[in-house]
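Structure, as C-alpha cells:
Number of protein chains: 2
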Amino acid sequence: MRMSDETRVLRRDAEHNRRRTLAAAREVFAARGLQATLNDVAHHAGLGVGTVYRRFPNKEALAEVVYAAALDELRDLARAALAEPDAYMALRAFLERALERAATDRGLRELMRQGTDAGEQITRAREGIMERCGRLITRAKHQGALRGDVTVADFAPIVAMIDAVMDLPPAGGADPPWRRYLAVILDGLRERPGP
Amino acid sequence: MRMSDETRVLRRDAEHNRRRTLAAAREVFAARGLQATLNDVAHHAGLGVGTVYRRFPNKEALAEVVYAAALDELRDLARAALAEPDAYMALRAFLERALERAATDRGLRELMRQGTDAGEQITRAREGIMERCGRLITRAKHQGALRGDVTVADFAPIVAMIDAVMDLPPAGGADPPWRRYLAVILDGLRERPGP
DNA sequence: ACTAAGTGGATATGACATATCCGCTTGTTC
DNA sequence: GAACAAGCGGATATGTCATATCCACTTAGT
Numbered sequence: 000m001r002m003s004d005e006t007r008v009l010r011r012d013a014e015h016n017r018r019r020t021l022a023a024a025r026e027v028f029a030a031r032g033l034q035a036t037l038n039d040v041a042h043h044a045g046l047g048v049g050t051v052y053r054r055f056p057n058k059e060a061l062a063e064v065v066y067a068a069a070l071d072e073l074r075d076l077a078r079a080a081l082a083e084p085d086a087y088m089a090l091r092a093f094l095e096r097a098l099e100r101a102a103t104d105r106g107l108r109e110l111m112r113q114g115t116d117a118g119e120q121i122t123r124a125r126e127g128i129m130e131r132c133g134r135l136i137t138r139a140k141h142q143g144a145l146r147g148d149v150t151v152a153d154f155a156p157i158v159a160m161i162d163a164v165m166d167l168p169p170a171g172g173a174d175p176p177w178r179r180y181l182a183v184i185l186d187g188l189r190e191r192p193g194p
Numbered sequence: 000m001r002m003s004d005e006t007r008v009l010r011r012d013a014e015h016n017r018r019r020t021l022a023a024a025r026e027v028f029a030a031r032g033l034q035a036t037l038n039d040v041a042h043h044a045g046l047g048v049g050t051v052y053r054r055f056p057n058k059e060a061l062a063e064v065v066y067a068a069a070l071d072e073l074r075d076l077a078r079a080a081l082a083e084p085d086a087y088m089a090l091r092a093f094l095e096r097a098l099e100r101a102a103t104d105r106g107l108r109e110l111m112r113q114g115t116d117a118g119e120q121i122t123r124a125r126e127g128i129m130e131r132c133g134r135l136i137t138r139a140k141h142q143g144a145l146r147g148d149v150t151v152a153d154f155a156p157i158v159a160m161i162d163a164v165m166d167l168p169p170a171g172g173a174d175p176p177w178r179r180y181l182a183v184i185l186d187g188l189r190e191r192p193g194p
C-alpha cells in the first residue's frame, strides 16, 4: 500500500522549496494581491516556475494553503467574541482585529471579498465567520446597543466600505484612517436614547 | 482659411454616426464601466470599429466627451449647495444627488475615483467639486453641525466607501442600501451634544 | 458623374498570464 | 559509489484580450 499523493514524504530539498514557496506566496500575495502570478511568487522565492507548478497545480490551490490557516484564525476570533458578555463591544473588537489583519494583506482582503471561486475550506471558514457575527449582531440588538434595523446583511457592506478605504496612508504619525471610519460607522449604527 | 479639424462640419451621415457613437458609449460605459472596449461601443452602436476610431482617437478622448458635461453638472450642483444657509444639509443633499447620479453609471464612478489619467476638463471639474465641498465642510463645522475633526480629506473616503457598496441590490421594494449607509456615516460625523 | 469623405471589420500588434516540457542536477537507497 | 527516481529551471507554447490600423468598398454632396 502506497501513500496518497497529498501526504507522500518529499525529498528534503523539495520540502524546503515547498516552504520557501509558501513563504514567498504569503509575502507576494500580501503585498500585491492574488492577481500576482505564480511566476512572481517563484522568482520571489528564488525558484523556477516549474518548481512551483510541481507542488501546486495552480494559483488557487496555493492561495488555499496560504490562507486556510489565516481564515481559521479569524473564525476562532469570532467564536471567542461570542463568549464575551457585551456583544456590541465584542463585535467592535472583532472587527478591529480582523480588519487590522486584513490591512496588511491584500490577498486576504480579496479572498474575503469575493464570494466565488475560493476553495472549499476558505468558503467554510468565511461562512463560520458570518454566522457568528450574525449572532453577535442579534445579541447586540437585544442588549439595546445596536439600532433595531441592523442585521447580518450589514456585516459584509461594512467590511466592504472599510476595505475601500484601507489603503489610505496614515496622516502624520497617527494610526490609519480606516480605524476612524470604522468607529464612525459603528457609532452611526448605535441605538440612541430617544429624543 | 480652413476650419480646424475639431470644428470641421461633418457629412450628414458622419455626424449621425458620431451621435450614435456617443449615445452607445454613454450606455456601455454606464453599464460596464470604462474598461469596456471601443469595439463594444462600436457594435452596440451598430457601427464598425473603424468608424468609431475615425472620430475619436482613443477611448479616453471618447470618455472625456461623454462625461465632461456630467461632471460640470455635478460641479454646478456643488456651487449651488454653497448658496444654501445650512451647510450641513446642503452637503448632505449634494452627496445624495451626486451619488444618485453615480449609482446608475459605473463609468462616471470610475472617473471620479481615479485621480490620474482623466483628461484636462474632467480633472478641472473634479477639482472644482472638491474645492466647494471643502468650503461646505468648513462652514458646517463652524455652524456646529459637524465634528471638529472632520476635514476636506474626509470627502474622498466617504465617496469611496459608498461607492464600494453601491452595487448592492435594493432589498425588497425599498431604496438601495447605499443611501442608508451614507446616512449612517454622515450621522456618525455630526457634532453631538456633550455628555 | 465625379470625388472626397466615410465605412466596416479582418487583422496586425503587443501585452500578459497560465501551464508544460525536457535536458540537466541532486538526494536517497542499497 | 552507482543507479535511479525525484526534483529543478526557465524557455517557450498556448491562449486571451484590448488597441489601433489599413484598405477595398460605399455614399453624400456638388
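Sequences listed follow chains A and B, in order.
So for the first sequence, numbering that gives the first Met the number 0 puts the first residue at 0; every next one is plus one.
So for the second sequence, numbering that gives the first Met the number 0 puts the first residue at 0; every next one is plus one.
The beta-carbon is built from N, C-alpha and C at its ideal position, and this holds for glycine as well.
Linking B:A77 to B:A97 through their CA atoms gives a straight-line distance of about 9 Å. Chain-order list of chain A residues neighbouring B:G187: V183, I184, D186 and G187, by C-beta distance under 7 Å. Put simply, the backbone Cα of B:M160 is about 4 Å away from that of A:M160. A straight-line Cα-Cα distance of about 25 Å links B:A13 and B:A30. Bridge pairing for B:L145: B:R189 [DSSP]. Within 10 angstroms of the beta-carbon of B:N16 lie 16 or more other beta-carbons, which makes it buried.
B:M129 and B:R25 have their C-alpha atoms spaced approximately 24 Å apart. With respect to A:R91, A:L33 sits apart: the two C-beta atoms are not nearer than 7 Å.
About 7 Å separates the beta carbons of A:R100 and A:L73, which is inside the 8 Å limit, making them a contact pair. Within the stretch 157-179 of chain A, those residues whose Cβ lies closer than 9 Å to any Cβ of chain B are, in chain order, I157, A159, M160, I161, D162, A163, V164, L167, A170, P176, W177 and R179.
Nearest Cα to B:R18 within the set B:A41, B:L81 and B:A35: B:A41. Where A:E83 is concerned, there is no enclosing alpha helix (DSSP H), because DSSP gives it neither an H nor an E. For B:P156, the uninterrupted alpha helix (DSSP H) segment begins and ends at F154 to D162. B:M165 sits in coil when the DSSP states are folded into three classes, being neither helix nor strand.
If you draw a 10 Å sphere on the C-beta of B:D153, you find 16 or more other C-beta atoms in it, and that means buried. Per DSSP, the continuous alpha helix (DSSP H) segment holding A:L21 begins and ends at R11 to R31.
For B:D39, the CB contacts under 8 Å within the same chain, skipping 5 residues up- and downstream, are V27 and R31 in chain order.
DSSP places B:V8 outside any alpha helix (DSSP H), giving it a letter other than H or E. One alpha carbon belongs to B:A173, the other to B:R179, and they sit about 11 Å apart.
The alpha-carbon of B:D148 is positioned some 22 Å away from that of B:E95. DSSP places A:N38 within a helical segment (H, G or I) once states are collapsed to three. About 6 Å separates the CB atoms of A:A86 and A:Q142; that is less than 8 Å, so the two are in contact. Between B:W177 and B:V158, the gap from beta carbon to beta carbon reaches 7 Å or more. If you draw a straight line from the Cα of B:G133 to the Cα of B:P192, it comes to about 24 Å. For A:V151, no alpha helix (DSSP H) run applies, since DSSP gives it neither H nor E.
DSSP, read as helix, strand or coil, puts A:F55 in coil.
In the three-state DSSP reduction, B:A139 falls in the helix class (H, G or I).
Of A:H43, A:R54 and A:T50, the smallest CA-CA separation from A:T6 is found for A:R54. In this chain, the alpha helix (DSSP H) harbouring A:L107 covers R105 to R112. In this structure, B:D71 sits near B:A124, with a CB-CB distance shorter than 7 Å.
Cβ contact annotation for B:L188 (same chain, cutoff 7 Å, sequence separation greater than five): L145, R146 and V149, in chain order. Distance between B:A79 and A:P56, taken at the CA atoms: about 58 Å.
B:L37 has its alpha-carbon roughly 10 Å from the corresponding atom of B:G49.
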